[in-house]
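Below: the structure, in structure tokens.
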Amino acid sequence: MLPTAHTSIGFLISQIKIKGKSLSTLEIIFVVFCANVFDLDLIYVYLGGQTTYHHLLVSHTPLFAVGLIALFTLIFRLNWRVALLGFVAMLSHFVLDDLCYWLYLFGITEDGKPEIFWLFPFDPRREEALRLYSSLRPTVGGFLVSYIKHPLFIFEWIFLISATSVFANKYSSLLKKVFFKR
Ligand SMILES: [Zn+2]
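Take 1 as the starting number for the sequence shown in our numbering and just add one per residue.
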């Protein structure tokens, strides 16, 4: 899915209160970053460092997420609430990336292939995927043209509208000050 969907879901996850405590603004930004971090591998792919379809890279696996959140926790000395929500946001990235396949499994869409290999390195489907579509490398334009016609695109709007309404509600007084000088 697009960064807007990952950001929207990341923001909604950052609003979960654990033991009645909300996250600070900096912690919210961190959780939203966690929801997007895996797509940074696209930079590496498009700079030519990698020819494999980016969903098939190790950087798009839950195992990588476990290592990454452990590393972030150590480096930034995260408290457990932030680390937990950051990790949930990371997992949400994979759910969204695999959503097209799940819709296909439920018979909602006509096409779909596994995008996330949840049990990596023991997921037997990955070998076949590497053989069949490791060279997939859609251009941004080509991807967007086909994507906006896909049923999955509706979810982009649902997530964006949900997150925007929560954001507007939370920061309504700030938004009024900025836009209406009240
Ligand atoms: Zn992704």
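Beta carbons are placed, not taken as given, at the ideal position from N, Cα and C, and that holds for glycine.
Given the structure is predicted, the values throughout are model-derived calculations rather than measurements.
Asked	Found
F64 CB to nearest heavy atom of ligand 1 below 6 Å	no
Close Cβ partners of D41 (< 6 Å) along its chain, the five nearest in sequence each way excluded	H54, L57 and S59
Alpha-carbon spacing of E127 relative to L63, whole angstroms	17 Å
Ligand 1 site residues, beta-carbon cut 6 Å against heavy atoms	F38, D39, H60, H93 and D97
K198, DSSP secondary structure in three states	Since the first and last residues shown for the chain are 1 and 182, residue 198 lies out of range.
Reference L114; option with closest CA among F33, Y101, D123 and G142	Correcting the residue identity first, residue 114 is Pro in this sequence and not Leu. The residue with the shortest Cα to Cα distance from P114 is Y101.
Whole-number beta carbon distance between L91 and V31, since they are thought to touch under 8 Å	The Cβ separation is near 12 Å, so there is no contact.
Separation of F167 from W157, as counted between CA atoms	15 Å
Neighbour flag for P124 against chain D, beta carbons, 7 Å	Absence of chain D from the displayed structure is noted, only one protein chain being present.
Simplified DSSP assignment, three categories, for I18	strand
D97 burial status per 10 Å Cβ neighbour count (16 or more: buried)	buried
Close beta carbons around G112, own chain, < 6 Å, minus the five adjacent residues each side	C100, Y101 and Y104
Distance between I161 and T7 (C-alpha atoms, nearest Å)	12 Å
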